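S.K.: Sequential numbering from 67 applies to the sequence shown in the working numbering.
Glycine included, each C-beta is placed from N, C-alpha and C at the ideal position.
From a predicted model like this one, the values you see are computed outputs, not experimental measurements.
Okay, here's the structure, questions in a sec.
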Amino acid sequence: MSPKSMFGLALVAVGLLVASSSLYVVKETERAVLLKFGAVEEADVKPGLHFKVPIMNEVRKFDGRVLTLDTQPQNYMTVEKKGMIVDYFAKWQIIDVEKFYTATGGDTNNANRLMAQRINEGLRNQFAKRSLLEVVSGERDELMDKLTDDLDGFSRSSLGIHLIDVRVKQIELPQEVSGSVYNRMTAEREREAREHRSKGKEQAEFIMADADRQKTVIEAEAYRDAERIRGEGDAIAAANYANAYNKDPEFYTFVRSLNAYKKAFQDKQDVMLVDPNSEFFRYLKDAQGKQ
67 MSPKSMFGLA
77 LVAVGLLVAS
87 SSLYVVKETE
97 RAVLLKFGAV
107 EEADVKPGLH
117 FKVPIMNEVR
127 KFDGRVLTLD
137 TQPQNYMTVE
147 KKGMIVDYFA
157 KWQIIDVEKF
167 YTATGGDTNN
177 ANRLMAQRIN
187 EGLRNQFAKR
197 SLLEVVSGER
207 DELMDKLTDD
217 LDGFSRSSLG
227 IHLIDVRVKQ
237 IELPQEVSGS
247 VYNRMTAERE
257 REAREHRSKG
267 KEQAEFIMAD
277 ADRQKTVIEA
287 EAYRDAERIR
297 GEGDAIAAAN
307 YANAYNKDPE
317 FYTFVRSLNA
327 YKKAFQDKQD
337 VMLVDPNSEF
347 FRYLKDAQGK
357 Q
């Protein structure tokens, strides 16, 4: 290989080396700062391909996704001076790359340590204002929301971090107080259950009384309507009987006598003591009904 070819290859190698040292890529999931001799030259480098000057410039990249702070359980005291062991976690994300780099040196461990100190202090102050029952019961979510809002302002202004959420994973009580706390919680739930049962019984009695009243009204109205219809039917029947009697009184009397005979002699065991010459046997002696 000629000296000219060797020189050309050397130039290409140097060019590739310079290019590899001068070009860098920032991913969508990353945040980056461009430093010039250690000082911040570009605070928030956008994702994509970028150019830098070797030796003079340095690029520091950080994870731009939501990160988790998970610490060891801590001991806190309530307003009654009762201890508890609290295990919590926090979610945070870098929003100001320059401030984050300046405050933490770009080290997420330093960021976690600084935030853990403030969260521990905030939890200690919040728990010290509340009783053990309040901390264990439903006020815990309200407490954590307030703590998150308070600390988010500090983390934004001091660390360039958005504190998204702080949540308690577990609260363990000392053995000497756990029994009494659980007993108080059980008694409270039983009291609420009794109140619900009492209200339900009261409503049930009201519904039953209203149903009985409606039943009485419906039966009274039905009886009234039935009596009215029965009276109207009896009136129509009496009118029909009267019309039939007026048309042929003798035939009407004969039919009534036959019905009376049928009812009187429907059982073979019946015995009647009646004068044979009585009006009852009028049509048995004579089909014309003559005496």
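In angstroms, rounded to a whole number, what distance separates the CA positions of K112 and R190?
M.R.: Mapped onto the sequence shown, residue 112 falls at position 46. Mapped onto the sequence shown, residue 190 falls at position 124. Cα to Cα, K112 sits roughly 40 angstroms from R190.
S.K.: Go through its chain and collect everything with a Cβ distance to R257's Cβ below 6 angstroms, but skip five positions before and after it.
M.R.: Translated into the one-based positions of the sequence shown, residue 257 becomes position 191. Closer than 6 angstroms at Cβ, skipping near neighbours: no residue.
S.K.: Let me know if S223 comes out buried or exposed under the rule of 16 or more other beta-carbons within 10 Å of its beta-carbon.
M.R.: By one-based count along the sequence shown, residue 223 stands at place 157. Label assigned to S223: exposed.
S.K.: What three-state label does DSSP hand I302 in the structure shown?
M.R.: Residue 302 sits at position 236 when you count from the first residue of the sequence shown. Note: I302 maps to helix in three-state DSSP.
S.K.: Give the DSSP bridge partners of N123, in chain order.
M.R.: Reading the sequence shown from its first residue, position 57 is the one you call residue 123. Answer by DSSP bridge pairing, in chain order: K102.
S.K.: Using a 10 Å radius around the Cβ and a threshold of 16 neighbouring Cβ atoms, would you call Y289 buried or exposed?
M.R.: Counting from 1 along the sequence shown, the entry for residue 289 is found at position 223. The residue in question, Y289, is exposed, as its Cβ has fewer than 16 Cβ neighbours within 10 Å.
S.K.: Between the alpha carbons of R263 and I273, how many angstroms are there, rounded?
M.R.: As a position in the sequence shown, residue 263 is number 197, starting the count at 1. As a position in the sequence shown, residue 273 is number 207, starting the count at 1. C-alpha separation (whole angstroms): 15 angstroms.
S.K.: Does DSSP put E146 in a helix, in a strand, or in coil?
M.R.: Translated into positions along the sequence shown, residue 146 becomes position 80. If DSSP states are grouped into helix, strand and coil, E146 belongs with coil.
S.K.: So, helix, strand or coil for I227, using DSSP?
M.R.: Residue numbering aside, residue 227 sits at position 161 when the sequence shown is read from its first letter. Three-state result, I227: strand.
S.K.: Anyone know if the C-beta pair for Y358 and A310 falls short of 8 angstroms?
M.R.: There is simply no residue 358 to check, as the chain begins at 67 and stops at 357 in what is shown.
S.K.: In whole angstroms, what separates the C-alpha of D215 from that of A156?
M.R.: In the sequence shown, counting from the first residue as 1, residue 215 sits at position 149. In the sequence shown, counting from the first residue as 1, residue 156 sits at position 90. Roughly 12 angstroms between the two C-alpha positions.
S.K.: Roughly how many angstroms separate the alpha carbons of L135 and F220, rounded to a whole number?
M.R.: Counting from 1 along the sequence shown, the entry for residue 135 is found at position 69. Counting from 1 along the sequence shown, the entry for residue 220 is found at position 154. Approximately 16 angstroms between the Cα atoms of the pair.
S.K.: Per DSSP, L89 is paired with what?
M.R.: Position 23 of the sequence shown, counted from the first residue, corresponds to residue 89. DSSP output for L89 lists F117 as bridge partner(s).
S.K.: Nearest to E238 by CA position, among T95, V119 and I151, is which residue?
M.R.: Locating residue 238 in the sequence shown gives position 172, where the first residue counts as 1. Considering only alpha carbons, the answer is I151.
S.K.: Kindly indicate the opening and closing residues of the alpha helix (DSSP H) around T174.
M.R.: As a position in the sequence shown, residue 174 is number 108, starting the count at 1. Element bounds for T174: T174 to A194.
S.K.: Whole angstroms is fine: what's the gap from D299's alpha carbon to K313's?
M.R.: The sequence position of residue 299 within the sequence shown is 233, counting from 1. The sequence position of residue 313 within the sequence shown is 247, counting from 1. The sequence shown places Gly at residue 299, rather than the Asp named in the question. Cα to Cα, the separation comes out at about 21 angstroms.
S.K.: Between which two residues does the alpha helix (DSSP H) carrying L133 extend?
M.R.: Against the sequence shown, residue 133 aligns to sequence position 67. Per DSSP, L133 belongs to no alpha helix (DSSP H); it is in the beta strand (DSSP E), L133 to D136.
S.K.: Just to check my reading of the structure: V132 and I230 have Cβ atoms closer than 8 angstroms, yes? What is that Cβ distance to the nearest angstrom?
M.R.: As a first step, residue 132 is located in the sequence shown; it is residue number 66 there, counting from the start. As a first step, residue 230 is located in the sequence shown; it is residue number 164 there, counting from the start. Sure, about 6 angstroms apart at Cβ, within 8 angstroms.
S.K.: Kindly indicate which three-state DSSP category I237 falls into: helix, strand or coil?
M.R.: Taking the first residue of the sequence shown as 1, we reach residue 237 at position 171. Looking at I237 - three-state DSSP - the assignment turns out to be strand.
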